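This report refers to the structure that appears directly beneath it.
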DNA sequence: CCACTTTAATAACGATTGCTATGGAAAAGA
DNA sequence: TCTTTTCCATAGCAATCGTTATTAAAGTGG
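Residue numbers (UniProt numbering), protein chains in the order written: chain P, 1 to 206; chain U, 1 to 206.
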């Protein structure tokens with residue numbers, strides 16, 4: 001009862017579709033319409049792959065979504081590296097927010113944030129999907145916290161900095177921008193929100 | 001083909017359920033699980049009313065949701081009055097955010113914001129439900145903008161205040177707090193986010 | 001060319017979706 | 001009591017849901 005295409009297979013009919021390309025289409029569809037509110041037939045239409053092939057290649061709908069979620073979230077290490085590279089924690093978070101503002105209003109992608117859609121997704125059966133999205137957010141939060149702590153230790157930020165509050169604010173603003181983007185807000189509006197949310201950051205010590 | 005119970009009816013079997021109470025239960029169910037991801041059978045279970053009675057009393061699922069949405073949002077005039085009563089626009093918005101933080105983490109109600117769930121709801125068929133939620137947000141935004149403009153005119157806020165950015169920020173923080181609440185954040189965390197988002201507000205002139 | 005392996009396509013599965021037709025029960029007015 | 005009006009409950013509608021069994025097709029290794 002082997003269902004997945006074994007990586008080291010030597011024979012058999014080859015896949016007629018690009019697995020990675022199909023996953024990308026699935027991600028965009030989930031991004032547009034959410035997890036539960038995207039049907040398998042929506043996915044077959046978008047991916048150009050029939051249902052049995054989707055099940056053979058990805059397992060089931062939930063696994064396909066979780067794989068799409070990982071693809072959307074990307075490698076946390078990349079975010080961590082980018083934030084370490086920024087001159088200050090403040091710059092790092094500002095960049096993160098501005099990138100989100102641009103991502104949520106991109107022309108080639110759906111509006112808003114896939115993680116935000118997943119969080120709002122409703123029924124009890126989708127609890128583990130919500131948890132997966134929450135987990136991604138927790139990872140991002142931890143990276144922000146860590147970057148702020150570096151700046152407190154190195155000097156630019158005062159010891160009394162409310163680290164967790166700033167991280168939670170950044171997270172909330174990000175997810176809030178997703179809602180505004182879905183409402184039709186343009187890129188400039190979101191960038192203004194991102195900048196306005198940074199005004200309250202503590203001033204550098206020196 | 002009269003379906004709704006006419007307000008001025010003189011005879012006939014009386015309703016066996018309290019319409020207002022049933023609507024309240026429906027609102028809580030939608031609040032918990034979103035629009036599309038709440039089924040009619042979820043509603044019948046929560047409301048204690050059979051499907052045909054729901055349809056007779058409320059029309060269809062969409063109309064029931066929209067009525068629940070209006071009940072959730074309340075009278076915009078109340079918000080407007082509350083904000084006019086606050087000594088400054090800053091206090092008014094701070095109160096709004098703190099009230100949201102408390103609402104989203106209430107014990108007797110689902111976590112998060114019903115409007116946020118509605119915005120994220122997915123399929124194209126639910127576009128008008130999304131629009132209805134967006135409309136409520138636009139109303140709130142307009143009230144915030146108006147209150148800030150009053151303070152600019154009366155003096156407490158400088159002429160150069162970025163009115164729309166502050167209003168959009170408040171909206172984004174509100175909807176973002178909803179996501180954090182859904183992730184399990186506690187009331188104190190949300191209140192910290194609310195306060196942190198206000199730190200950047202311009203200082204009073206005098 | 002023949003086995004063997006794997007994917008593709010068709011068709012359908014049972015379950016659930018939103019919604020409603022039908023028939024009888026419950027109240028009020030005559 | 002009888003008629004009229006309205007609502008409740010059962011049962012079921014067509015459609016879609018996520019998923020899969022079945023069979024044909026397309027490759028590789030011998």
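All C-beta atoms, glycine included, are put in the ideal place defined by N, C-alpha and C. Keep in mind that this is a model prediction, so the values were computed, not measured.
Determine, for residue 177 of chain U, whether the minimum Cβ-Cβ distance to residues of chain P falls below 8 angstroms.
yes
For residue 203 of chain P, three-class secondary structure by DSSP:
coil
At the level of alpha carbons, what is the spacing between residue 204 of chain P and residue 142 of chain P?
22 angstroms
Ordered along the chain, which non-local residues of its own chain (more than five positions away) have a Cβ less than 6 angstroms from that of residue 147 of chain U?
83, 89 and 92
Suppose contacts are defined by Cβ-Cβ distances below 8 angstroms. Is residue 172 of chain P in contact with residue 176 of chain U by that definition?
yes
How long is the line joining the alpha carbons of residue 63 of chain U and residue 85 of chain P, rounded to whole angstroms?
52 angstroms
As assigned by DSSP and simplified to three states, the class of residue 157 of chain P:
coil
Rounded straight-line distance, which links the Cα of residue 116 of chain U to that of residue 119 of chain P
10 angstroms
Alpha-carbon to alpha-carbon, residue 159 of chain P and residue 105 of chain P:
36 angstroms
What did DSSP end up calling residue 24 of chain U once you bin it into helix, strand or coil?
helix
Considering only C-alpha positions, which residue in the set U:144, U:98, U:34 and U:149 is nearest to residue 110 of chain U?
U:34
Neighbour list for residue 173 of chain U in chain P, Cβ cutoff strictly below 7 angstroms:
172, 173 and 176
Mind pulling the alpha helix (DSSP H) runs of 4 or more residues that sit fully within the segment 95–178 of chain U?
114–120 and 127–154
Return the CA-CA distance between residue 29 of chain P and residue 51 of chain P, expressed in angstroms with no decimal places.
15 angstroms
Within chain U, the residues that residue 163 of chain P reaches when beta carbons sit closer than 7 angstroms:
Going along chain U, no residue has its Cβ under 7 angstroms from residue 163 of chain P, so there is no contact; the nearest lies around 11 angstroms.
How long is the line joining the alpha carbons of residue 221 of chain P and residue 55 of chain P, rounded to whole angstroms?
Residue 221 of chain P falls outside the range modelled here, since chain P spans only 1 to 206, and no answer is possible.
Residue ranges of each beta strand (DSSP E) within the UniProt domain "HTH tetR-type" (16–76) of chain P, 3 or longer:
none
I'd like the list of long-range same chain contacts for residue 46 of chain P, defined as Cβ closer than 8 angstroms, with 5 residues on each side in sequence excluded.
25, 26, 28 and 29
Between residue 163 of chain P and residue 58 of chain U, what straight-line distance do the alpha-carbon atoms span, to the nearest angstrom?
48 angstroms
Does residue 1 of chain U come within less than 8 angstroms of chain P when only Cβ atoms are used?
Residue confidence is low: residue 1 of chain U scores 33 on pLDDT, short of 50, so the model does not pin down where it sits. Its coordinate-derived value is still stated next. No, residue 1 of chain U does not count as interfacial toward chain P.
Burial state of residue 21 of chain P, where buried means 16 or more other Cβ atoms lie within 10 Å:
exposed
With distance defined between alpha-carbon atoms, name the residue in U:87, U:122 and U:130 nearest to residue 66 of chain U.
U:130
Residue closest to residue 14 of chain U, alpha-carbon to alpha-carbon, out of U:127, U:53, U:31 and U:32
U:53
Cutting at 7 angstroms between CB atoms, please list the residues of its own chain near residue 23 of chain P, excluding the five before and the five after it.
67, 68 and 71
Under a three-way DSSP split, which group does residue 183 of chain P fall into?
coil
Counting only beta-carbon atoms, is residue 160 of chain P nearer than 8 angstroms to chain U?
no
Residues of the segment 15–43 of chain P with a CB closer than 7 angstroms to any CB of chain U: list them in chain order, please.
33, 34, 36, 37 and 38
Is residue 196 of chain P close to chain U? Criterion is C-beta to C-beta, closer than 8 angstroms.
yes
Closer than 7 angstroms: residue 23 of chain U CB and nearest the ligand HEM heavy atom
With respect to the ligand HEM, the structure shown offers nothing to examine, as it has no ligands at all.
For residue 121 of chain P versus residue 32 of chain P, is the C-beta distance shorter than 8 angstroms?
no
According to the neighbour-count rule (16 or more other Cβ atoms, all chains shown, within 10 Å of its Cβ), is residue 1 of chain U buried or exposed?
Reliability of the predicted coordinates at residue 1 of chain U is poor, the pLDDT of 33 falling under 50, and no value is obtained from them.
Helix, strand or coil at residue 90 of chain P [DSSP, three-state]:
helix
Give the interface partners of residue 109 of chain P over in chain U, defined as CB-CB distance under 9 angstroms, in chain order.
The premise fails here: residue 109 of chain P is roughly 15 angstroms from chain U at the closest Cβ pair, so nothing lies under 9 angstroms.
If contacts are defined as beta-carbon pairs under 8 angstroms, then residue 97 of chain U and residue 170 of chain U qualify, I think. What distance do you get, rounded to the angstrom?
6 angstroms
Against chain U, with Cβ distances strictly below 8 angstroms, would residue 149 of chain P count as a contact?
no
Assuming residue 190 of chain P contacts residue 181 of chain P (C-beta within less than 8 angstroms), just tell me the rounded distance between them.
6 angstroms
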